[in-house]
Amino acid sequence: MQPLAAMTWEEARDAAAAHAIAVLPVGAIEAHGPHLPLETDVIIAQAMARAGAERLAARGLHPVILPPLSYTAAGFAGGFAGTLSLRPETVTAIVVEIAAGLARHGFGLLAIANSHLDPAHLSALAAAVQRAREELGFTIAFPDLTTKPWALRLGEEFRSGACHAGRFETSVVLAERPDLVRERVRAGLPANPASLSRAIRDGKTSFEDAGGPRAYFGWPADATADEGRTLIEALGGILDQAVQAERSVDVGQPW
Ligand SMILES: [Zn+2]
209 MQPLAAMTWE EARDAAAAHA IAVLPVGAIE AHGPHLPLET DVIIAQAMAR AGAERLAARG
269 LHPVILPPLS YTAAGFAGGF AGTLSLRPET VTAIVVEIAA GLARHGFGLL AIANSHLDPA
329 HLSALAAAVQ RAREELGFTI AFPDLTTKPW ALRLGEEFRS GACHAGRFET SVVLAERPDL
389 VRERVRAGLP ANPASLSRAI RDGKTSFEDA GGPRAYFGWP ADATADEGRT LIEALGGILD
449 QAVQAERSVD VGQPW
């Protein structure tokens, strides 16, 4: 399974002709507590893309992983140094234009492996899915992890909404890039059970106002690499199922 960026154009042409499924990891450059790197969501999205692509390949499909989209709307973390936030309409435009290129060259579908949960970002991706369908006749599979049934598979902390740089995300980074976890800081971090999803429902628009003065929520001290590996498999399963759901809608597609 070769990533798109490593292919020659002729290899990409052949992959597109076989109606390959393009997989776009989508993360953010955003504050993730005092213990995780700014690229945490990019790391998680790439792990999800890889695990999902393995499942698609096992079904006999042809997944091709794209270079990640690392910049996006990240307004909640905007007050923390290093966070680089785009306007939501910029994000929608980028994804629609990537989809247009894939459609033009014959790819069968775009699957988004997204791990960044800022509401403005999720809305921007949902808008891209709709525009790609309406303007291009092209399908984007985008499982929004904050919705059922997906959220139910990602652990108790995730369901509670205290899910930013906590046990869930820290576990995945421990599995993927342990060298980037500030372990001494992490081990001593007190739990922050404040629920981001509740704060969003209450109209809050920043991590500070949501009760996260150090840009983390949840239980980072409880994270383990083993749990991270289990979560990556769960994320891969979600991506696979989201693609299967789109394929069953588009009966008659050759992929
Ligand atoms: Zn994150």
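Residue numbers (the working numbering): 209 to 463. Think of the CB as a built atom: it goes at the ideal place given N, C-alpha and C, for glycine as much as any other residue. Here the structure is a predicted model, which is why all the values come from computation and not from measurement.
With H, G and I counted as helix, E and B as strand and the rest as coil, what does DSSP make of residue i?
i, result
"residue 229", "strand"
"residue 270", "coil"
"residue 323", "coil"
"residue 446", "helix"
"residue 240", "strand"
"residue 402", "coil"
"residue 280", "strand"
"residue 317", "strand"
"residue 456", "helix"
"residue 235", "coil"
"residue 426", "strand"
Compute the minimum distance between the beta carbon of residue i and the heavy atoms of ligand 1, and state whether it is under 7 Å.
i, result
"residue 291", "no"
"residue 323", "yes"
"residue 468", "Here the chain comprises residues numbered 209 to 463, so residue 468 is not present and cannot be evaluated."
"residue 441", "no"
"residue 384", "no"
"residue 218", "no"
"residue 243", "no"
"residue 377", "yes"
"residue 270", "no"
"residue 240", "yes"
"residue 372", "yes"
For residue i, count the other beta carbons within 10 Å of its own beta carbon; 16 or more makes it buried, fewer makes it exposed. Which is it?
i, result
"residue 393", "exposed"
"residue 456", "exposed"
"residue 345", "exposed"
"residue 275", "exposed"
"residue 235", "buried"
"residue 318", "buried"
"residue 358", "buried"
"residue 374", "buried"
"residue 467", "It is not possible to answer for residue 467, since the shown part of the chain is limited to 209 through 463."
"residue 364", "exposed"
"residue 290", "exposed"
"residue 459", "Low confidence applies here, because residue 459 scores a pLDDT of 45, under 50, leaving its location unreliable and the question unanswered by this model."
"residue 210", "exposed"
"residue 427", "buried"
Minimum length 4: unbroken alpha helix (DSSP H) runs contained in the region 321 to 409: Runs found: 327 to 339, 364 to 368, 375 to 384, 391 to 395 and 404 to 409.
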